[in-house]
Structures are given as structure tokens and as C-alpha cells.
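Read the structure below first, then the notes.
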Amino acid sequence: PEAVRGGAAARDDEPRDADETRRSELVALLTEHGGNISAVARAAKRSRVQIHRLLRQFGIDAERFRR
């Protein structure tokens, strides 16, 4: 079958898995840095704009992580 050979069915899951991984990493950084976007951006080696874009993309409210 196609899925066993690593065909379309296997590839269809990759973007979702990558998004789930990216979201989990973002949540972990937000938790670690108390919702501080600048600190998260530095730790992730990304700009604050990119972090805000990811927050919107994943529907994450950084306020939930602020101490």
C-alpha cells in the first residue's frame, strides 16, 4: 500500500506534525519565559513579529502565560 511505502498518506501528516511541534515548542517557551515575547523571540532566535504571527496562527494568548 501507498502509506507503507511512505507515499501520499504519510506525507499528508507531516505539515500537521510540524505545526504541532512548533506550537508545543512555542507554548514551552512562553511558559519558561512567563509570556515575555522578547525573551521567547531571543530563545527561539526569531523576531518578535514572527512570534506574534505564530501566536495568531495557533490561537495562543500570551497573557495566559504572564506571571
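Residue numbering for the sequence shown follows the working numbering, beginning at 219 and increasing consecutively. Ideal Cβ placement from N, Cα and C applies to all residues, glycine included. Quick caveat: nothing in here was measured; it's all calculated off a predicted structure.
Please confirm whether residue i and residue j have their CB atoms less than 8 angstroms apart.
{"i": "Leu-247", "j": "Ala-236", "result": "no"}
{"i": "Ser-256", "j": "Arg-266", "result": "yes"}
{"i": "Ile-269", "j": "Val-245", "result": "no"}
{"i": "Phe-283", "j": "Thr-239", "result": "no"}
Identify, in the order they occur along the chain, each residue of the same chain with its Cβ nearer than 7 angstroms to the Cβ of residue i, setting aside the five sequence neighbours on each side.
{"i": "Arg-241", "result": "Phe-276"}
Leaving out five residues on either side along the sequence, give the residues of the same chain with a beta carbon under 6 angstroms from the beta carbon of residue i.
{"i": "His-251", "result": "Ala-257, Val-258"}
Between the C-alpha atoms of residue i and residue j, what's the straight-line distance to the nearest angstrom?
{"i": "Asn-254", "j": "Arg-274", "result": "16 angstroms"}
{"i": "Glu-243", "j": "Glu-232", "result": "16 angstroms"}
{"i": "Leu-272", "j": "Arg-234", "result": "14 angstroms"}
Leaving out the 5 sequence neighbours to the left and right, which residues in its chain are closer than 8 angstroms to residue i when beta-carbon positions are compared?
{"i": "Glu-281", "result": "Gly-253"}
{"i": "Arg-285", "result": "Gly-252, Gly-253"}
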